[in-house]
Amino acid sequence: MLFLALAVIVTLCVLAVLGMPIIVALASSVIVFLFVSGGWELSLPQQVLTGISDYILITLPLFILAGGIMNASDISDRLFDFAAAIFGWLRGGLAHVNSRSA
Numbered sequence: 000m001l002f003l004a005l006a007v008i009v010t011l012c013v014l015a016v017l018g019m020p021i022i023v024a025l026a027s028s029v030i031v032f033l034f035v036s037g038g039w040e041l042s043l044p045q046q047v048l049t050g051i052s053d054y055i056l057i058t059l060p061l062f063i064l065a066g067g068i069m070n071a072s073d074i075s076d077r078l079f080d081f082a083a084a085i086f087g088w089l090r091g092g093l094a095h096v097n098s099r100s101a
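Numbered according to numbering that gives the first Met the number 0, the sequence shown spans residues 0 to 101.
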């Protein structure tokens, strides 16, 4: 198991030092892990199906839908005006509101 972790870390570091984009380095290190670990033919479809069936993925389209509804009904403008009225006097007030609400 240590060999697998070492292979992934070395691959990631070498590709990052060579100037590859991080996404390419991460994808390449995952591919190296799959080939070095063996049995990747069985684990790859299982991981894909497990990732797709995650309930957290439903939040992305629902957040986009909520943002579209808020934008169409001007709720977002009213929320922004409300926050500006309360914290507008404070230097960086809306940034504080944004960081505290997250």
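Where is the CB? At the ideal position from N, CA and C, for every residue including glycine.
**Request:** Verify whether the separation of the beta carbon atoms of Leu-33 and Ala-24 is less than 8 Å.
**Result:** no
**Request:** Give the C-beta separation of Ala-82 and Leu-93 to the nearest angstrom, bearing in mind that I take them to be a contact with Cβ-Cβ under 8 Å.
**Result:** 6 Å
**Message:** With H, G and I counted as helix, E and B as strand and the rest as coil, what does DSSP make of Met-19?
**Reply:** coil
**Asked** Looking at the structure shown, is Arg-90 part of a helix, part of a strand, or coil, going by DSSP?
**Response** coil
**Request:** With a 10 Å radius around its C-beta and 16 neighbouring C-beta atoms as the bar for buried, classify Thr-10 as buried or exposed.
**Result:** buried
**Item:** Selected residue, minimal CA-CA separation from Val-7, among Gly-18, Ile-30 and Ser-98
**Value:** Ile-30
**Message:** Taking the alpha helix (DSSP H) that Gly-50 belongs to, which residues open and close that run?
**Reply:** 39 to 51
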